[in-house]
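J.: The structure's right below; bear with me while I get my questions together.
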Amino acid sequence: MTKNYCIIGTGVAAVNAAKAIRDQDPEGNILVFGSEDSLPYNRIKLSKDLFADLRSEKVLIKKEQWYQKQQIQTFPNTSITQIDVEQHVLVTSTGERISYDKLLICTGSKNRKLPLPGFDKQGVYTIREMHEAEAFKTFIEDKSSIVNIGGGIQGLETAWSLVKADKKVTILEAAPRLMARQLDEQASSILQQKIEAIGVDVRLQATVQQVIGEEAVAGIHVNGSTIPCDSVIYSVGVIPNLDLVARTPVATEWGIIVNDHMETSVPDVYAAGDVTEWNGAVEGLWDRAMDQGKVAGKNMVSQGIEVYKKTIPLTVFNAFDLALFSMGLVDEKVCDTTLIEENASGKYTRLFIKDQTIVGVVSFESIIAAAPYKAAIESRVSLAGLDLEALSIQEVMTAVKDRLEALANV
1 MTKNYCIIGT GVAAVNAAKA IRDQDPEGNI LVFGSEDSLP YNRIKLSKDL
51 FADLRSEKVL IKKEQWYQKQ QIQTFPNTSI TQIDVEQHVL VTSTGERISY
101 DKLLICTGSK NRKLPLPGFD KQGVYTIREM HEAEAFKTFI EDKSSIVNIG
151 GGIQGLETAW SLVKADKKVT ILEAAPRLMA RQLDEQASSI LQQKIEAIGV
201 DVRLQATVQQ VIGEEAVAGI HVNGSTIPCD SVIYSVGVIP NLDLVARTPV
251 ATEWGIIVND HMETSVPDVY AAGDVTEWNG AVEGLWDRAM DQGKVAGKNM
301 VSQGIEVYKK TIPLTVFNAF DLALFSMGLV DEKVCDTTLI EENASGKYTR
351 LFIKDQTIVG VVSFESIIAA APYKAAIESR VSLAGLDLEA LSIQEVMTAV
401 KDRLEALANV
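full-length UniProt numbering applies: residue 1 is where the sequence shown begins, and numbers increase by one.
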């Protein structure tokens with residue numbers, strides 16, 4: 001009997017799940033529902049390529065022809081408002097009822113709001129969806145001064161887009177340093193210096209108090225002083241979209257709770273991506289959403305055949321005319337030792353070592369240079385016998401390569 005596979009959401013988890021389903025089941029009906037008016041697109045590009053054509057095919061995860069070839073039905077502008085898990089039925093905003101055999105929830109996350117005075121004024125934006133990016137871009141077209149709240153990846157990528165559009169940018173970050181989750185202190189300091197060198201005002205440990213102005217933004221109060229500005233854009237974290245499952249038996253805490261097969265507490269209902277909570281944590285990472293989607297899709301066709309395994313966290317940053325990547329555990333407080341190499345031109349690499357294995361790396365290099373580090377971290381190859389104090393990072397990595405080759409030949 002032909003199965004109906006329904007997917008709610010249009011992020012990378014949904015697309016990878018749809019592909020995995022089709023690879024396993026050539027005959028099944030695959031239906032993908034999204035509330036936006038676009039095919040699934042790469043949300044990262046909303047900040048990185050803010051001033052490009054956001055309706056270009058380059059923004060899409062897959063082009064329209066791919067869905068046609070895979071016989072995957074997409075339903076843009078179609079919000080699912082109710083899930084009847086007993087009857088295996090979805091209800092759309094227009095009242096249409098759609099039956100499913102297997103259901104995947106990929107409703108993603110939404111940007112955390114700042115519940116502060118004045119954040120409802122004209123000119124205050126946060127970007128998560130296409131229409132928000134387009135509205136912000138239109139509003140600031142004739143504006144010159146923008147305050148960007150958030151020193152994480154999305155915030156900094158948005159700031160770089162604004163700088164390239166010749167806007168005066170101020171970055172506000174509540175933490176003592178930029179990208180604190182992905183970088184060590186020295187890397188954060190180097191990044192800050194690079195950003196400030198091109199004229200961006202970076203303010204750390206910034207306590208935002210309120211946005212001022214009549215109906216529209218005129219400025220923002222921070223740490224007791226006022227920064228005049230024409231607009232405010234903020235990115236201060238995300239929270240899973242749980243509204244759809246609030247009136248269902250699907251178990252949630254921080255996110256939709258899933259097991260290693262991406263199964264929820266309800267039979268035939270799966271979840272993947274930013275909306276999920278796995279092993280007590282909400283991950284919210286692009287590559288892990290992809291992996292979860294693949295696992296969910298395979299298991300929707302053949303229950304229990306695929307197990308989700310947590311991958312090494314990887315952050316890639318390309319903005320402000322520099323490239324860097326961060327991988328694995330990069331907290332020196334829980335590591336046994338670290339190795340650092342840097343030079344006057346700004347190149348900086350730091351290896352994090354625990355229990356005689358490489359567990360993390362931060363490097364101001366292109367992602368092309370990341371492969372050897374990834375292999376070392378994933379393999380947990382031992383550094384026993386190496387005089388780490390006497391060796392350079394390059395020499396350590398050469399030794400790691402030799403040991404991996406020796407293991408492969410055993």
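Virtual Cβ for every residue (Gly too), placed ideally from N, Cα, C.
Note down the Cα distance separating Gln73 from Leu90, rounded to an integer number of angstroms.
T.: Taking the sequence shown and counting its residues from 1, the one referred to as residue 73 is at position 73. Taking the sequence shown and counting its residues from 1, the one referred to as residue 90 is at position 90. Between Gln73 and Leu90, the C-alpha separation is close to 16 Å.
J.: Within 10 Å of its beta-carbon, does Trp254 have 16 or more other beta-carbons around it, so buried, or fewer, so exposed?
T.: Here residue 254 refers to the residue found at position 254 of the sequence shown. Label assigned to Trp254: exposed.
J.: Please classify Ala384: is it buried, with 16 or more other beta-carbons within 10 angstroms of its beta-carbon, or exposed?
T.: Within the sequence shown, numbered from 1, the residue matching residue 384 stands at position 384. Exposed, because fewer than 16 other Cβ atoms sit within 10 Å of the Cβ of Ala384.
J.: Please determine if the segment 315-324 and the segment 153-160 are in contact, where contact requires at least 3 C-beta pairs separated by less than 8 Å.
T.: Result yes; three or more Cβ-Cβ pairs closer than 8 Å.
J.: Compute the Euclidean distance between the alpha carbons of Ala107 and Met290, then round it to the nearest angstrom.
T.: Within the sequence shown, residue 107 is the residue found at index 107, counting from 1. Within the sequence shown, residue 290 is the residue found at index 290, counting from 1. Checking the sequence shown, residue 107 turns out to be Thr, not Ala. Each residue's alpha carbon lies about 14 Å from the other.
J.: Taking the straight line between their C-alpha atoms, what separation do you get for Asp142 and Ala135?
T.: For the purposes of this step, residue 142 is taken as residue 142 along the sequence shown, with counting starting at 1. For the purposes of this step, residue 135 is taken as residue 135 along the sequence shown, with counting starting at 1. C-alpha separation (whole angstroms): 13 Å.
J.: Express the C-alpha separation of Ala376 and Val32 in angstroms, rounding to a whole number.
T.: If you number the sequence shown from 1, residue 32 lands on position 32. If you number the sequence shown from 1, residue 376 lands on position 376. One C-alpha to the other measures close to 38 Å.
J.: Can you tell me the Cβ-Cβ gap for Val200 and Val169, rounded? I've got them flagged as a contact below 8 Å.
T.: Sequence index remark: in the sequence shown, residue 200 carries index 200 (1-based). Sequence index remark: in the sequence shown, residue 169 carries index 169 (1-based). Going by Cβ atoms, the distance from Val200 to Val169 rounds to 5 Å, so yes, they are a contact pair.
J.: Enumerated in chain order, which unbroken segments of the beta strand (DSSP E) with a length of 3 residues or greater are wholly contained in the segment 180-210?
T.: Taking only runs of at least 3 residues, the beta strand (DSSP E) segments lying wholly in the segment 180-210 are 201-204.
J.: Leaving aside the five residues before and after Ile195 along the sequence, list all residues of the same chain whose C-beta is less than 8 Å from its C-beta, in chain order.
T.: Here residue 195 refers to the residue found at position 195 when the sequence shown is read from its first residue. Leu156, Ala159, Ile171, Leu178, Val202, Phe320.
J.: Would DSSP call Ser379 helix, strand or coil?
T.: Locating residue 379 in the sequence shown gives position 379, counting from the first residue. Helix.
J.: By Cβ distance below 6 Å, which residues in the same chain neighbour Asp23 in space, the five residues on each side in sequence not counted?
T.: In the sequence shown, the residue the question calls residue 23 occupies position 23. For Asp23, where only same-chain residues beyond five positions count, there are no Cβ hits under 6 Å.
J.: Within a Cβ cutoff of 6 Å, which residues of the same chain sit near Leu162, ignoring the five residues on either side of it in sequence?
T.: Reading the sequence shown from its first residue, position 162 is the one you call residue 162. So the qualifying residues of the chain are Ile146, Val169.
J.: If I measure Cβ to Cβ from Ser79 and keep anything under 6 Å in the same chain, skipping five residues before and after, which residues do I get?
T.: Numbered from 1 along the sequence shown, position 79 holds the residue referred to as residue 79. Hits under 6 Å: Ser35, Ser93.
J.: From Asn42 to Ile30, what does the alpha carbon distance come to, in whole angstroms?
T.: Counting from one through the sequence shown, the residue named residue 42 turns up at place 42. Counting from one through the sequence shown, the residue named residue 30 turns up at place 30. One C-alpha to the other measures close to 21 Å.
J.: List the whole-angstrom C-beta distance separating Pro40 from Lys62, where the pair is believed to meet the contact cut-off of C-beta under 8 Å.
T.: Start at 1 with the first residue of the sequence shown, and residue 40 comes out as number 40. Start at 1 with the first residue of the sequence shown, and residue 62 comes out as number 62. At roughly 7 Å, the Cβ-Cβ gap stays under 8 Å, so Pro40 and Lys62 are in contact.
J.: Contact between the segment 322-330 and the segment 353-365: three or more CB pairs below 8 Å?
T.: As far as the Cβ criterion goes, the segment 322-330 touches the segment 353-365, which means the pair count is three or higher.
J.: Do Ile239 and Arg128 have their beta-carbon atoms positioned less than 7 Å apart in this structure?
T.: Locating residue 128 in the sequence shown gives position 128, where the first residue counts as 1. Locating residue 239 in the sequence shown gives position 239, where the first residue counts as 1. It is not a contact, given that the beta carbons lie outside the stated cut-off.
J.: State whether the segment 255-270 contacts the segment 291-303, with contact taken as three or more CB pairs (one from each stretch) at a distance under 8 Å.
T.: Yes: at least three Cβ pairs fall under 8 Å.
J.: For Pro372 and Met397, what's the separation of their Cα atoms in angstroms?
T.: Locating residue 372 in the sequence shown gives position 372, counting from the first residue. Locating residue 397 in the sequence shown gives position 397, counting from the first residue. Approximately 7 Å between the Cα atoms of the pair.
J.: What does a CB cutoff of less than 7 Å around Asp287 pick up in its chain, not counting 5 residues either side in sequence?
T.: For the purposes of this step, residue 287 is identified with residue 287 of the sequence shown, where counting begins at 1. Excluding residues within five positions, the ones whose Cβ falls inside 7 Å are Thr311, Leu314.
J.: What span of residues does the beta strand (DSSP E) with Gly328 cover, start to end?
T.: Here residue 328 corresponds to residue number 328 of the sequence shown, with the count starting at 1. Segment 322-328, the beta strand (DSSP E) holding Gly328.
J.: Is the beta carbon of Cys6 closer than 7 Å to that of Leu116?
T.: Taking the first residue of the sequence shown as 1, we reach residue 116 at position 116. Taking the first residue of the sequence shown as 1, we reach residue 6 at position 6. No, they are not a contact pair.
J.: Let me check understanding here. Comparing Cα to Cα, which of Val15, Lys354, Ser188 lies closest to Ser363?
T.: Taking the first residue of the sequence shown as 1, we reach residue 363 at position 363. When only C-alpha atoms are compared, the closest one is Ser188.
J.: Short check: CB of Phe325 to CB of Thr338, under 7 Å?
T.: Here residue 325 corresponds to residue number 325 of the sequence shown, with the count starting at 1. Here residue 338 corresponds to residue number 338 of the sequence shown, with the count starting at 1. Contact flag unset, no.
J.: With a CB to CB cut of under 8 Å and the five nearest residues on each side skipped, what residues in its chain are close to Ala175?
T.: In the sequence shown, the residue the question calls residue 175 occupies position 175. Counting only Cβ-Cβ distances below 8 Å, and skipping sequence neighbours, we find Gly151, Leu204, Gln205.
J.: Which residue's Cα is closest to the Cα of Gly213: Asp120, Ile340, Ala408?
T.: As a working mapping, residue 213 is identified with position 213 in the sequence shown. Per the Cα distances, Asp120.
J.: Only counting the same chain, and skipping five residues up and downstream in sequence, which positions put a Cβ closer than 6 Å to that of Leu46?
T.: Translated into the one-based positions of the sequence shown, residue 46 becomes position 46. Excluding residues within five positions, the ones whose Cβ falls inside 6 Å are Ile127, Ala133.
J.: Taking 8 Å as the limit between beta carbons, can you name the residues of its chain near Leu407, skipping five residues before and five after?
T.: Here residue 407 refers to the residue found at position 407 of the sequence shown. Here the set comprises Ser379, Val381.
J.: Do you know how far the Cα of Trp66 is from the Cα of Ser99?
T.: Position 99 of the sequence shown, counting from 1, holds the residue named residue 99. Position 66 of the sequence shown, counting from 1, holds the residue named residue 66. Rounded to whole angstroms, Ser99 to Trp66 spans 25 Å at the Cα level.
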